[in-house]
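**Q** Counting in numbering that gives the first Met the number 0, the sequence shown runs from 0 upward without gaps. Take this structure, written in C-alpha cells, and hold onto it; I'll ask about it next.
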Amino acid sequence: MKDMDMDEPKAVRRMLDRIDPIGYLLTEGFHLLGLFAIGGATVWAAAKAFLEMATKGHATIEDLLLLFIYLEIGSMVGIYFRTNHMPVRFLLYVGITALTRHMIGYVQTESLPDVGILILAGATLILSLAVLTIRYASARFPSKASDGMDG
0 MKDMDMDEPK
10 AVRRMLDRID
20 PIGYLLTEGF
30 HLLGLFAIGG
40 ATVWAAAKAF
50 LEMATKGHAT
60 IEDLLLLFIY
70 LEIGSMVGIY
80 FRTNHMPVRF
90 LLYVGITALT
100 RHMIGYVQTE
110 SLPDVGILIL
120 AGATLILSLA
130 VLTIRYASAR
140 FPSKASDGMD
150 G
C-alpha cells in the first residue's frame, strides 16, 4: 500500500508533464487569435472611418483624432505582439486623445462652458500626469528586460 502511495505523485507528475505543452500551445494560439482579431477590427474600423470622411468630402478635428486613436491601438497591438508586454502608456495616450476628442465635440455643441468641460480637462490632466509618472519611473528605475517600450 505504501509503494502505491509513492507511485501516485510520480504518475500525476508525468501526466501533468504531458499536458503542460498542450495547455501552453492552446494559450499561445488563443493569444495570437485575439491579437489578430483586435488588429483586424482596428484596421476595419479605421478604414470605415476614413471612407466616411472621404464620402463627406472633409475631415473634422474629431475625425482626425479618431484616426489617431486607431493608430495608437494598432501600435499597441503591434508592440504587444512583438514583446508580449502591454504598453500602458499607449492606453493612456488613447484615453487622452479620446477625452480631447470628446471635449472638442462638447465645446462645439455647448455654447457656454460649464462643469462638464472642467471635468474633461481635469481627467485629461490626470491622465497626462500618469504618463509623466510612468515615463519618470521608467527612466529612473529601468527594468532589466527593458527594450525602450516601458510602461
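Glycine included, C-beta positions come from ideal geometry on N, C-alpha and C. For clarity, every value in this text was computed on a predicted model and none was experimentally measured.
So what's PRO8 in DSSP terms, helix, strand or just coil?
**A** Position 9 of the sequence shown, counted from the start, is the residue given in the question as residue 8. Reduced to three states, the DSSP call for PRO8 is helix.
**Q** DSSP on GLU27, reduced to helix/strand/coil?
**A** As a working note, residue 27 is residue 28 in the sequence shown. In the structure shown, GLU27 sits in a helix (DSSP, three-state: H, G or I).
**Q** Anyone know if the C-beta pair for ILE72 and THR41 falls short of 7 angstroms?
**A** The residue given as residue 72 occupies position 73 in the sequence shown. The residue given as residue 41 occupies position 42 in the sequence shown. Yes, the Cβ-Cβ distance between ILE72 and THR41 is below 7 angstroms.
**Q** Note down the Cα distance separating TRP43 from HIS84, rounded to an integer number of angstroms.
**A** Within the sequence shown, the letter at position 44 stands for residue 43. Within the sequence shown, the letter at position 85 stands for residue 84. Each residue's Cα considered, the two are about 24 angstroms apart.
**Q** Within the continuous alpha helix (DSSP H) that includes TRP111, where are the two ends?
**A** Stepping through the sequence shown from its first residue, residue 111 is reached at position 112. The amino acid occupying residue 111 in the given sequence is Leu; Trp does not appear at that position. Here LEU111 belongs to no alpha helix (DSSP H), and DSSP marks it neither H nor E.
**Q** When burial is assigned at 16 or more other CB atoms within 10 Å of the CB, is VAL106 buried or exposed?
**A** On the sequence shown, position 107 is the one that residue 106 refers to. Result: exposed.
**Q** Rounded to a whole number of angstroms, what is the C-alpha to C-alpha distance between PHE80 and LEU90?
**A** Along the sequence shown, read from residue 1 onward, the residue named residue 80 stands at position 81. Along the sequence shown, read from residue 1 onward, the residue named residue 90 stands at position 91. For PHE80 and LEU90, the distance between alpha carbons rounds to 15 angstroms.
**Q** Report the three-state DSSP secondary structure of ALA122 (helix, strand or coil).
**A** Within the sequence shown, the letter at position 123 stands for residue 122. Helix.
**Q** In chain order, what residues of the same chain lie with their CB nearer than 6 angstroms to the CB of LEU98, ignoring the 5 residues before and after it?
**A** By one-based count along the sequence shown, residue 98 stands at place 99. The residues are LEU119, ALA122, THR123.
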